[in-house]
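J.: Mature numbering (1 follows the signal peptide of the UniProt record, and there is no 0) puts the sequence shown at residues -26 to -1, 1 to 444.
Even for Gly, the Cβ is constructed at its ideal location relative to N, Cα and C.
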Amino acid sequence: MFVRKYILPVFLAALLLCSSITSVHAERSSNPEAKAFYGTLSEIQAVTQQNELNEIPYPIDLTTPPELLKNSIVLAEYAEKQRVRADLPTIKELIESDPTRFSGHYYDADIGTVTVLITEDSESLKALVRKSSKNGDKIKFEVTKYSWADITEAKEKIKRTVEPGTVLALIPDTINNKLIVALDEKSSTQTQLKQTVSSLFLEKSDMLVYTTLPASALKTETDNTHWGSTIPIGTKIGGNYRQDPADPTQMFYGVCTNGYFGVNAADQDVMVTSGHCQTAGTVSAWYQPTWATSSIGNFTFRTTSPGDGSSAASDSGYITLNSGISPRARVPYPTSTNMAMVTGVYVSDTVGDTVYMRGANSGTTTSGTIKYSNVDVWWGSEGYGYKNNEVLASGYTSIGGDSGGTVLTNYAYNNNLSGWTFQLAGTHTGTLTVHQDLQSGIKAGTYKVYEPLWTTYSDLGLTALYLIAP
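1) Just mark L182 as buried or exposed, buried being the case when its beta carbon has 16 or more other beta carbons within 10 Å.
2) I'd like the span of the beta strand (DSSP E) that includes K133, first residue to last.
3) Which runs of the alpha helix (DSSP H) spanning at least 4 residues fall entirely within the region 30 to 90, listed in chain order?
4) Going by the CB atoms, is the gap between Q262 and T209 shorter than 9 Å?
5) Tell me where the beta strand (DSSP E) around Q217 begins and ends.
6) Helix, strand or coil: which one does DSSP assign to Y431?
7) With distance defined between alpha-carbon atoms, name the residue in K131, G400 and V48 nearest to S288.
8) I'd like to check one pair, K9 with Y421: are the Cβ atoms closer than 9 Å?
9) By DSSP's criteria, A259 is part of a beta bridge. Which residues make up the other side?
10) Rounding to the nearest angstrom, what Cα-Cα distance links T395 and E425 in this structure?
11) Classify L412 as helix, strand or coil using the three-state DSSP reduction.
12) Just how far apart, CA to CA, sit K417 and T267?
13) Determine, using beta carbons only, whether N238 and L427 come nearer to each other than 9 Å.
14) Does C(-9) come out as helix, strand or coil in the three-state DSSP assignment?
15) Using the beta-carbon count (16 or more within 10 Å), is E364 buried or exposed?
16) DSSP on E356, reduced to helix/strand/coil?
17) Less than 8 Å between C-beta atoms, sequence neighbours within five positions excluded: which residues of the same chain meet that for N296?
18) Can you give the Cα-Cα distance for K119 and T89, rounded to whole angstroms?
19) With DSSP as the reference, identify every bridge partner of A367, one or two as the case may be.
20) DSSP three-state label for S300, please.
21) On the DSSP bridge assignment, give the partners of W265 in chain order.
22) Between which two residues does the alpha helix (DSSP H) harbouring I145 extend?
23) Just verifying my parser: in three-state terms, what is the DSSP assignment at H250?
24) Using a 10 Å radius around the Cβ and a threshold of 16 neighbouring Cβ atoms, would you call I47 buried or exposed?
25) So Q164 is in the alpha helix (DSSP H); what residue range does that whole segment cover?
26) Comparing C-alpha positions only, which one of K160, T405, Q397 and G415 sits nearest to Q19?
27) Are the CB atoms of P31 and Y307 nearer to each other than 9 Å?
28) Is the beta carbon of G374 closer than 9 Å to that of A334?
29) Alpha carbon to alpha carbon, what distance is there between T163 and G337?
30) Based on DSSP bridge pairs, tell me the residues matched to V329.
31) Is C230 helix, strand or coil by DSSP?
32) Ignore the nearest five residues each way along the sequence and tell me which others in V257's own chain have a CB closer than 6 Å to its CB.
33) Determine the extent of the alpha helix (DSSP H) in which A101 is found, giving its start and end residues.
34) Which stretch, first to last residue, makes up the beta strand (DSSP E) that contains A438?
35) In this structure, what does DSSP give as the bridge partners for G379?
36) Tell me the residue span of the beta strand (DSSP E) that contains I154.
Now the structure itself:
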């Protein structure tokens, strides 16, 4: 989350897309630490999967290399449960290609299985999924009433009908095959709004579950290491310095975290972070970690979405790096001297899957679990109306200044690279706090909100990602 002189309330928002071009290639440098992979994310994912052929999945709290590990049984059991995760991209593609016959999918980390939700008890459909997967023995099926097309079309229909901001969030509950409609708990028009929404789905009324959230439930959010000219992912950055109009002697400023490195449409190296870190419509210098050091570049682009709710965008932006600043696709974990490599990308956003977040202001890398994906949320400030495709996770920790922090998955030991690796999953945005268990099934607690990689890569018009490869 973004730290400034005050904390702003944030209301966030979700849809699935993926484009393609004909080829992907790595350029920029013969140095494996500075390779820019050009292409769409699906192409980059396909190419970088080759890096993972000789990887051993690892629990995040286990940092002993495999050759020194004494209890190999623990690692073998963990790897067995992780095996089916290799099929998640394929399963997601099947669902996207035929959304009327599928309802979604979720992963059970405790037993190492994926459940695919289908709308008909079809043996041919089950056979298609198993044939397309490498670990069919780890795939289960459940027959559901409503398809993924029903859920996504309902979200769009509701957003087109209601006044922007009256529905705070639209949350697909994949496991229970429902769409949770979250209203402002203090709104005086709750009853009328429920009637309006319900009237849109007279024949599908049991698909909807209503709940309420406080309007302040969603909020945007130290490691002060100065990395010099070669900067890894997950580092502290500061900028957006400006005078307080009410008191010229005071300054507003922002502290955020570097999410990842890419290349923009002008073939310039950029550092990606949260869009709300920079005031909409402005350009300013940013620093690493603060303005006590030389500028690393200007924050030149961030997304926005209109307040009338007519379109949505991810919370993302980038700093165009000055010459002499070199991207480094590593994360300060397990230590700042033994940093894990980022070798691939993750675009599955699977409920039940494990993710990790590196926040520079908190100075930590912690793990969490995806609870909901493809969530549409109303932001309503800081240049954003609706945001789509948010992911809600529980477990990982964050504090103010962790906004933009890199979200990772697939912690492993790569034998070819002789080191620890992650896949890039997205960038941290903020938190959603639920004070008590809701009738909709949402449990009390603080949920972490992040932008999936595929949304920021697309919305920012990036053409390449910096990753490490042999």
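T.: On the basis of the supplied data:
1) It counts as buried.
2) Element bounds for K133: not the beta strand (DSSP E) but the alpha helix (DSSP H), W122 to T135.
3) You should have 46 to 56 and 62 to 71.
4) Yes, the Cβ-Cβ distance between T209 and Q262 is below 9 Å.
5) Q217: member of the beta strand (DSSP E) spanning K210 to D218, first to last residue.
6) Correct three-state label for Y431: helix.
7) Looking at the Cα atoms, G400 is the closest of the given residues.
8) Their beta carbons are not under 9 Å apart, which means Y421 does not touch K9 by this criterion.
9) DSSP output for A259 lists N272 as bridge partner(s).
10) Using only the alpha carbons, I get a separation of about 21 Å.
11) Judged by DSSP in its simplified three-state form, L412 adopts coil rather than helix or strand.
12) In a straight line, the C-alpha of K417 is about 44 Å away from that of T267.
13) No, they are not a contact pair.
14) Legend: pLDDT at C(-9) = 28, less than 50; position of this residue unreliable, value from coordinates given subsequently. The answer is coil: DSSP assigns C(-9) none of H, G, I, E or B.
15) In this structure E364 is buried. Its beta-carbon is surrounded by 16 or more other beta-carbon atoms within 10 angstroms.
16) Under the three-state reduction of DSSP output, E356 falls in the coil class, being neither helix nor strand.
17) If we look at N296 and ignore the five residues flanking it on each side, its Cβ neighbours are S269, I270 and G271.
18) Taking the straight line joining both Cα atoms gives about 15 Å.
19) For A367, which the question treats as bridged, DSSP gives the partners I344 and K422.
20) In the structure shown, S300 adopts extended strand secondary structure according to DSSP, grouped into three states.
21) DSSP output for W265 lists no bridge partner at all.
22) Careful: I145 lies outside any alpha helix (DSSP H), inside the beta strand (DSSP E) at V141 to D147.
23) In this structure, H250 counts as helix in the three-state DSSP scheme.
24) It is exposed - the Cβ of I47 has fewer than 16 other Cβ atoms within 10 Å.
25) DSSP places Q164 in the uninterrupted alpha helix (DSSP H) bounded by Q164 to S173.
26) It is Q397.
27) Their beta carbons are not under 9 Å apart, which means P31 does not touch Y307 by this criterion.
28) Contact flag unset, no.
29) Rounded to whole angstroms, G337 to T163 spans 43 Å at the Cα level.
30) Beta-bridge analysis with DSSP links V329 to G342.
31) Assigned with DSSP and collapsed to three states, C230 falls in strand.
32) These residues qualify, in order along the chain: N272 and T274.
33) Looking at the DSSP string, the run of the alpha helix (DSSP H) that includes A101 is E97 to S106.
34) According to the DSSP assignment, A438 belongs to the beta strand (DSSP E) that extends over A438 to L441.
35) Per DSSP, G379 has no beta-bridge partner at all.
36) Following the DSSP letters along the chain, one finds I154 inside the beta strand (DSSP E) bounded by residues K152 to D158.
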